[in-house]
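S.K.: Could you have a look at this structure, given as structure tokens, before my questions?
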Amino acid sequence: MRIMLGDKIKELRKRDHRTQDDLASALGITNQAVSRWEMNKAYPDVEIIPAIANYFHVSIDELFGYSNDRERTLSSYVEKANALLKPGITPDKRMLKESILFLREALSEFPNEWNLQERLATFLWIKNSNDRKESNDAALKEVVELFEMAYKNSDDFERKDSILASLIMVLGELGDYQKIEEIANQSSAIFNCREIVRTKMAEKGKNDRYVSEAFLALLHQMAEVININFDHFSVINNPAIYIALVEVYNSVFGDDDFGWFNSDMCLLYLNAARICSRNIDEAHTIEYFDKAYCFCKNFMEAARDKIEKPSARCLNKATNLPSRFVYVSEKTLKEYMGLFSEKIVSQLRCNPKYAALF
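Just so we're aligned, residue 24 is where the sequence shown starts under this note's numbering, counting upward by one.
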């Protein structure tokens with residue numbers, strides 16, 4: 024038992040990134056005492072055991088290694104948390120309230136579980152976005168803190184990337200550009216990013232995979248950059264940049280199903296239509312909107328299932344695919360229609376194909 028407790032104290036201390044001095048100070052003892060515990064040369068007094076458990080936010084049973092029931096409980100919480108958000112489904116107020124309550128209670132029991140932290144941050148972010156009249160910086164700051172903790176505690180490097188991306192977006196909403204700059208300064212340049220570095224591997228059987236993954240990641244990010252930063256790219260008042268990227272997608276995907284990448288195509292066409300509408304180019308506005316409508320429908324169908332790798336020959340070796348897509352829907356189409364002239368909207372209204380949008 025002594026060996027188990029000493030090892031467990033050390034494990035929990037390192038998990039929480041605490042020093043022996045930190046633990047000693049919190050318990051009112053010397054760091055030499057903590058050191059002796061962890062070397063299994065001494066044993067904490069019985070009276071101090073509850074304080075140690077409380078410091079690490081664990082039960083006394085877990086401190087002593089009796090954690091099977093607790094781990095099963097945690098697994099059930101994580102499974103439920105991961106099932107709360109389904110692709111393409113926006114939770115209503117009741118679901119938001121119930122989910123936030125559940126996640127807060129789960130985190131009170133497992134305060135360092137990153138899956139729960141990430142899910143709670145996401146639900147609070149959605150709630151804040153929905154409550155525009157009540158939106159406040161304090162709520163977003165809690166979201167930032169939760170994402171930061173989830174990023175720190177996660178041991179899944181792919182999920183860490185997703186968590187960091189979400190964190191950056193929330194910081195943008197807060198206008199905390201200094202922290203975004205700090206994150207950028209700590210990040211790798213694009214030519215040293217994971218996807219690009221892997222393309223340097225000539226190992227048989229892996230090069231095709233890594234090249235495919237790098238190309239898809241870069242293509243997806245290029246679409247995100249020009250779609251999100253419409254005001255920057257629209258100054259030339261020409262939809263060519265959006266249509267040019269559409270052609271790149273078409274050239275590599277061919278006639279194959281775009282899967283979740285239908286989202287990128289939908290937004291590229293919508294932004295091209297938006298520019299054409301500003302230029303009073305009615306014919307191209309309607310043409311591009313119709314393309315966007317079709318890709319939107321295809322995405323909604325594809326998003327019912329997990330993302331699948333493209334079947335195109337130059338891409339079908341990819342295994343790790345982009346995980347962050349805009350969930351375009353009829354709501355997205357309606358929002359863009361609101362940017363068109365009334366004349367164009369009237370023409371769209373007359374087409375029974377778009378009846379569901381009116």
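Where a beta carbon is used, it is the ideal one built from N, C-alpha and C, also for glycine.
Given the structure is predicted, the values throughout are model-derived calculations rather than measurements.
Closer than 7 Å by C-beta to Asp44: which residues in its own chain qualify, once you throw out the five before and the five after it? Chain order, please.
M.R.: Within the sequence shown, residue 44 is the residue found at index 21, counting from 1. Cβ neighbours of Asp44 beyond the five flanking positions: Asn54.
S.K.: Can Ala341 and Lys332 be called in contact, C-beta distance under 8 Å?
M.R.: Mapped onto the sequence shown, residue 341 falls at position 318. Mapped onto the sequence shown, residue 332 falls at position 309. Against a cut-off of 8 Å, the Cβ pair of Lys332 and Ala341 comes out as a contact.
S.K.: Would Ala291 be called buried (16 or more neighbouring beta carbons within 10 Å of its own) or exposed?
M.R.: Indexing the sequence shown from 1 puts residue 291 at position 268. As written in the sequence, residue 291 is Leu, which differs from the Ala given in the question. Counting Cβ neighbours within 10 Å, Leu291 comes out buried, since at least 16 surround it.
S.K.: In angstroms, rounded to a whole number, what distance separates the CA positions of Ser122 and Tyr316?
M.R.: On the sequence shown, residue 122 is found 99 positions in, with the first residue counted as 1. On the sequence shown, residue 316 is found 293 positions in, with the first residue counted as 1. Looking at the two C-alpha atoms, the distance is approximately 32 Å.
S.K.: Under 7 Å: does the beta carbon of Thr145 sit that close to some heavy atom of the ligand HEM?
M.R.: Looking for the ligand HEM in the displayed structure turns up nothing, as the structure carries no ligands at all.
S.K.: Tell me whether the region 358-365 and the region 318-328 touch, counting them as touching only if at least three CB pairs, one residue from each stretch, are closer than 8 Å.
M.R.: The region 358-365, when compared against the region 318-328, does not touch it at the 8 Å Cβ threshold.
S.K.: For the pair the region 244-257 and the region 217-229, tell me if three or more CB-CB distances fall below 8 Å.
M.R.: Not touching, per the Cβ criterion.
S.K.: Could you pull out every residue in the same chain whose Cβ sits closer than 7 Å to the Cβ of Met245, ignoring the five residues on either side in sequence?
M.R.: Here residue 245 is taken as the residue at index 222 of the sequence shown, counted from 1. Answer for Met245: Leu268, listed in chain order.
S.K.: For Ile203 versus Gly195, is the C-beta spacing smaller than 8 Å?
M.R.: Position 180 of the sequence shown, counting from 1, holds the residue named residue 203. Position 172 of the sequence shown, counting from 1, holds the residue named residue 195. Yes, Cβ-Cβ distance for Ile203 and Gly195 is below 8 Å.
S.K.: Taking Cβ positions, are Val166 and Asn151 nearer each other than 8 Å?
M.R.: For this step, residue 166 is matched to residue 143 along the sequence shown. For this step, residue 151 is matched to residue 128 along the sequence shown. It is a contact, given that the beta carbons lie within the stated cut-off.
S.K.: Looking at the secondary structure, which residues open and close the alpha helix (DSSP H) in which Val275 lies?
M.R.: Against the sequence shown, residue 275 aligns to sequence position 252. Looking at the DSSP string, the run of the alpha helix (DSSP H) that includes Val275 is Ala263 to Phe276.
S.K.: Looking at the structure shown, is Arg38 part of a helix, part of a strand, or coil, going by DSSP?
M.R.: Taking the sequence shown and counting its residues from 1, one reaches residue 38 at position 15. Three-state DSSP puts Arg38 in a helix.
S.K.: Given this structure, state the Cα-to-Cα distance separating Leu107 from Lys354, to the nearest angstrom.
M.R.: Residue 107 sits at position 84 when you count from the first residue of the sequence shown. Residue 354 sits at position 331 when you count from the first residue of the sequence shown. Leu107 and Lys354: Cα-Cα distance of roughly 21 Å.
S.K.: In chain order, which alpha helix (DSSP H) runs of at least 4 residues are fully inside the region 299-332?
M.R.: Here the runs fully enclosed are 305-325.
S.K.: Look at Leu239 and Pro73 and say whether their C-beta atoms are less than 8 Å apart.
M.R.: Taking the first residue of the sequence shown as 1, we reach residue 239 at position 216. Taking the first residue of the sequence shown as 1, we reach residue 73 at position 50. No, they are not a contact pair.
S.K.: Is the beta carbon of Tyr272 less than 8 Å from the beta carbon of Met288?
M.R.: Taking the first residue of the sequence shown as 1, we reach residue 272 at position 249. Taking the first residue of the sequence shown as 1, we reach residue 288 at position 265. Yes, they are a contact pair.
S.K.: In terms of alpha-carbon separation, which member of Ile186, Glu270, Asn138 and Asn159 lies closest to Leu197?
M.R.: The residue given as residue 197 occupies position 174 in the sequence shown. For Leu197, the nearest C-alpha among the options comes from Asn159.
S.K.: Along the alpha helix (DSSP H) that carries Arg59, what are the first and last residues, could you check?
M.R.: Against the sequence shown, residue 59 aligns to sequence position 36. That run of the alpha helix (DSSP H) goes Asn54 to Glu61.
S.K.: Is His243 buried or exposed, if buried means 16 or more other CB atoms sit within 10 Å of its CB?
M.R.: By one-based count along the sequence shown, residue 243 stands at place 220. Result: buried.
S.K.: Please report how far the alpha carbon of Cys373 lies from the alpha carbon of Asn250, in whole angstroms.
M.R.: Taking the sequence shown and counting its residues from 1, the one referred to as residue 373 is at position 350. Taking the sequence shown and counting its residues from 1, the one referred to as residue 250 is at position 227. Those two C-alpha atoms are separated by around 28 Å.
S.K.: State buried or exposed for Gly282, treating a residue as buried only when at least 16 other CB atoms are found within 10 Å of its CB.
M.R.: Within the sequence shown, residue 282 is the residue found at index 259, counting from 1. It counts as buried.
S.K.: Cα separation between Leu187 and Lys366?
M.R.: Taking the sequence shown and counting its residues from 1, the one referred to as residue 187 is at position 164. Taking the sequence shown and counting its residues from 1, the one referred to as residue 366 is at position 343. Taking the straight line joining both Cα atoms gives about 43 Å.
S.K.: Evaluate Tyr78 with the Cβ neighbour count: other Cβ atoms within 10 Å of its Cβ, from every protein chain shown; 16 or more gives buried, anything less gives exposed.
M.R.: In the sequence shown, residue 78 corresponds to position 55, counting from 1. Answer is buried; the Cβ neighbour count reaches 16.
S.K.: Express the C-alpha separation of Lys103 and Glu247 in angstroms, rounding to a whole number.
M.R.: Working through the sequence shown from its first residue, we reach residue 247 at position 224. Working through the sequence shown from its first residue, we reach residue 103 at position 80. Those two C-alpha atoms are separated by around 30 Å.
S.K.: Could you compute how far the alpha carbon of Gly310 sits from the alpha carbon of Ala295?
M.R.: For the purposes of this step, residue 310 is taken as residue 287 along the sequence shown, with counting starting at 1. For the purposes of this step, residue 295 is taken as residue 272 along the sequence shown, with counting starting at 1. Looking at the sequence shown, residue 310 is not Gly but Glu. Taking the straight line from one Cα to the other gives about 10 Å.
S.K.: For Ile52, which residues in the same chain have their Cβ closer than 7 Å to its Cβ, ignoring the five residues on either side in sequence?
M.R.: For the purposes of this step, residue 52 is identified with residue 29 of the sequence shown, where counting begins at 1. For Ile52, where only same-chain residues beyond five positions count, there are no Cβ hits under 7 Å.
S.K.: Determine, using beta carbons only, whether Leu35 and Val81 come nearer to each other than 8 Å.
M.R.: One-based indexing of the sequence shown puts residue 35 at position 12. One-based indexing of the sequence shown puts residue 81 at position 58. Yes, Cβ-Cβ distance for Leu35 and Val81 is below 8 Å.
S.K.: I need the DSSP call for Val428, collapsed to helix, strand or coil.
M.R.: Nothing about residue 428 can be read from this structure; the chain reaches only from 24 to 381.
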